[in-house]
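All remarks here apply to the structure that follows.
In full-length UniProt numbering, the protein residues as written are 1 to 85.
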């Protein structure tokens, strides 16, 4: 779903880009793993598009992380802030 249609009151933030790069994956590789177009991954990373529940779960499965580690209603703190407090 588009953030514009959903409205500014309920954003969905994600760490897809950080997790993808951390694991040495290209957008194309992640797209192939979750069976979507690479442009979809780019749109998700930029926040131009929100994933369906099914797509969100497939992304979490690829990263082997719970949904809370990948998606959030509140902006994520930078990982360096969490690690080096």
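Don't be surprised by glycine CBs; every beta carbon is placed ideally from N, CA and C.
Since this is a predicted model, take the numbers as computed values, not measurements.
I want to check one thing, is the minimum distance from the CB of residue 35 to the heavy atoms of the ligand ZN below 7 angstroms? In the structure on display, the ligand ZN does not appear, and there are no ligands present to speak of.
Which same chain residues, not among the five before or five after residue 14, have their C-beta less than 7 angstroms away from its C-beta? Within the same chain, Cβ atoms closer than 7 angstroms to the Cβ of residue 14 are found at 44, 70, 71, the five residues on either side in sequence being excluded.
Enumerate in chain order the residues of its own chain whose CB-to-CB distance from residue 56 is below 8 angstroms, with the five nearest sequence positions on each side excluded. Result list for residue 56: 67, 70, 71, in chain order.
Given this structure, state the Cα-to-Cα distance separating residue 78 from residue 61, to the nearest angstrom. A direct Cα-Cα distance of roughly 22 angstroms separates residue 78 from residue 61.
Residue 19 to residue 73, Cα distance in whole Å? One alpha carbon belongs to residue 19, the other to residue 73, and they sit about 18 angstroms apart.
What does residue 114 pair with, by DSSP beta-bridge criteria? Only positions 1 to 85 of the chain appear in the structure, and residue 114 is not among them; the question remains open.
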